[in-house]
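First up is the structure itself, then whatever we jot down about it.
In our numbering, the protein residues as written are 156 to 737.
Structure representation (structure tokens):
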């Protein structure tokens, strides 16, 4: 604290005028230091992002420490601790919807599906995908334990459909009963896109889960018991990896831009989920090499009316009226970035399925403007392709944003190897980590065990520096649920989401030990935590960090003041003595 007696001592030695000047400078410096200081003991936040896993995929049978309640398949009686169907298995039964001839997201008339088809196994290049012989036919039409048929360390061959319009249908107005049907009928993964009768290469992938009660996912179970787990954290955008990574960086959704201004994209890149005539649900224009943009402010556009009808029927008002600006096409599915790693723009045209350069505010630019250090560590930023400037990834969202990748801020985009080196020297205040793809836990490329091993490496590295660990928090989460079934409540906030629940662990000496938090969160909660901890404002007038923190009275999982998003402070106990390093 500044002692005014210093002023008089200095004034006698250097003169009053000079002393007042020095005093003014000290006031400025102290004010600046106060403005940038964090409001909690957390001086370093590390956000580690895995891929494509719902909450129930991993925590289906987790039992909370010391009797803490957790909402999952086990606690709801949907499955038993041994992974078999439980007394309330009917709550998770998958249904078949009746076609109305147009795209729908709230099917009331559904019919039971008798049993699960086999998932399709991954095929080598040029080979045809075949039904997975390791998974039996005829399983009950609900969640099943993957590790009854595959070892835990073995990565699964499945990769459920998890695009934007499909995920709205999977959730089906909160019933969560069309995960199977959507994969079978929407045309994604088609055997022949022009022949709907041949079906898709999807089966029961979306219904698989791991069994913590039987020893699966052991490290995350250990972390949940030692630190804090959120069982009501959600992906922010319906659909896949790129939109949710982009949201983590910007709190927003990418647009189709030309010269920084919204313009219509090529017609073939506009999504049309209305079913082809004579089909149950076969989208007219969709897929990773076709439609991915939507003009959601126009109710007459394909797919828009159904989501709008659902939002308009809610007992509360959607955020910003749905958050769709006029004459703006939003990118709601996976595209790669418009820049190479070295900041050069890639050529683009109607047949180039990549995003246009973006100009939105980012959490990185907000931190930089406040003088707060940050880095985004990515497991793909190394090797020959990077050196040649060829590298691009849909999990590297800041390379989409012109103000970052075409400026000196690009120097803050580094390899994940740099994180492990920085943890020994000087870690920035805020770090985001995208692991190498084989270590993200992404089905089809890896396994949960590999992401567990990566997170263990991060945590142990931080603990190995006790001075650093003492004021660090690690958020372990996922980009999105990957199209996997989840039984949790989903809060419709605007046109874009929320989506299904995903895991979030808070690993920190300041985390509430063994706590299971039910407050409603999504990716905007990470922004809200950063902003509250470092005294920053929301990213923009249209980002969800403007929403209030939830109040939960009537239901511990459903905000009474919807739409509302928490700031994750409930996961901590900043009054308690921090936990010792283990």
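Ideal placement from N, C-alpha and C gives every residue a C-beta, glycine not left out.
{"query": "Nearest neighbour of residue 292, chosen from 361, 272 and 639 [CA to CA]", "result": "272"}
{"query": "For residue 558, the first and last residue of its enclosing alpha helix (DSSP H)", "result": "557 to 560"}
{"query": "Neighbour-count burial assignment, residue 470, 16 or more Cβ in a 10 Å radius", "result": "exposed"}
{"query": "Assigned exposure category for residue 729 - 16 Cβ within 10 Å defines buried", "result": "exposed"}
{"query": "Where residue 328 falls: helix, strand or coil (DSSP)", "result": "helix"}
{"query": "At least three beta-carbon pairs within less than 8 Å, the stretch 249 to 265 to the stretch 321 to 329", "result": "yes"}
{"query": "Cβ contact check for the stretch 624 to 641 and the stretch 316 to 325: 3 or more pairs under 8 Å", "result": "yes"}
{"query": "Three-way DSSP call (helix, strand, coil) for residue 266 in this model", "result": "strand"}
{"query": "DSSP-derived helix/strand/coil call for residue 527", "result": "coil"}
{"query": "CA-to-CA distance, residue 473 to residue 467, given in whole angstroms", "result": "8 Å"}
{"query": "Residue(s) in a DSSP beta bridge with residue 672", "result": "385"}
{"query": "Straight-line Cα distance separating residue 488 from residue 561", "result": "24 Å"}
{"query": "Which residues DSSP lists as bridging residue 625, in chain order", "result": "According to DSSP, which records beta bridges pairwise, residue 625 is partnered with nothing at all."}
{"query": "Beta-carbon contacts of residue 592 that lie in its chain and below 6 Å, excluding the five residues immediately before and after", "result": "600"}
{"query": "Exposed unless 16 or more other CB atoms sit within 10 angstroms - verdict on residue 353", "result": "exposed"}
{"query": "For residue 160, the three-state DSSP class (helix, strand or coil)", "result": "Confidence at residue 160 is low in this model, with a pLDDT of 32, below 50, so its placement is unreliable and no value can be given for it."}
{"query": "Of the listed residues 584, 501, 480 and 598, nearest to residue 651 (C-alpha basis)", "result": "480"}
{"query": "Top-ranked residue by Cα proximity to residue 240, from 306, 610, 364 and 550", "result": "364"}
{"query": "Which listed residue (400, 463, 300 and 580) has its alpha carbon closest to that of residue 320", "result": "463"}
{"query": "The stretch 497 to 517 / the stretch 410 to 428 touching (three or more Cβ pairs under 8 Å)", "result": "yes"}
{"query": "Whether residue 552 touches residue 571 by CB criterion (8 Å)", "result": "no"}
{"query": "Where residue 571 falls: helix, strand or coil (DSSP)", "result": "helix"}
{"query": "Burial state of residue 418, where buried means 16 or more other Cβ atoms lie within 10 Å", "result": "exposed"}
{"query": "Close beta carbons around residue 713, own chain, < 8 Å, minus the five adjacent residues each side", "result": "644, 646, 675 and 707"}
{"query": "C-beta atoms of residue 594 and residue 611 nearer than 8 Å", "result": "no"}
{"query": "Proximity to residue 344 [Cα-Cα], best of 443, 388, 485 and 680", "result": "443"}
{"query": "Segment limits, beta strand (DSSP E) that includes residue 286", "result": "No beta strand (DSSP E) contains residue 286, which DSSP labels as neither H nor E."}
{"query": "Span separating the alpha-carbon of residue 614 from that of residue 198", "result": "16 Å"}
{"query": "Residue 658 beta carbon less than 8 Å from that of residue 627", "result": "no"}
{"query": "Which listed residue (252, 684, 208 and 705) has its alpha carbon closest to that of residue 430", "result": "252"}
{"query": "N- and C-terminal bounds of the beta strand (DSSP E) containing residue 428", "result": "427 to 430"}
{"query": "Residue 428 vs residue 445 beta-carbon contact at 8 Å", "result": "no"}
{"query": "Status (buried if at least 16 other CB within 10 Å, exposed otherwise) for residue 257", "result": "exposed"}
{"query": "Environment of residue 227 [buried if 16+ CB atoms lie within 10 Å]", "result": "buried"}
{"query": "Pick from 656, 731 and 523 that is closest to residue 399, judged by C-alpha positions", "result": "656"}
{"query": "Extent of the continuous alpha helix (DSSP H) run through residue 338", "result": "334 to 340"}
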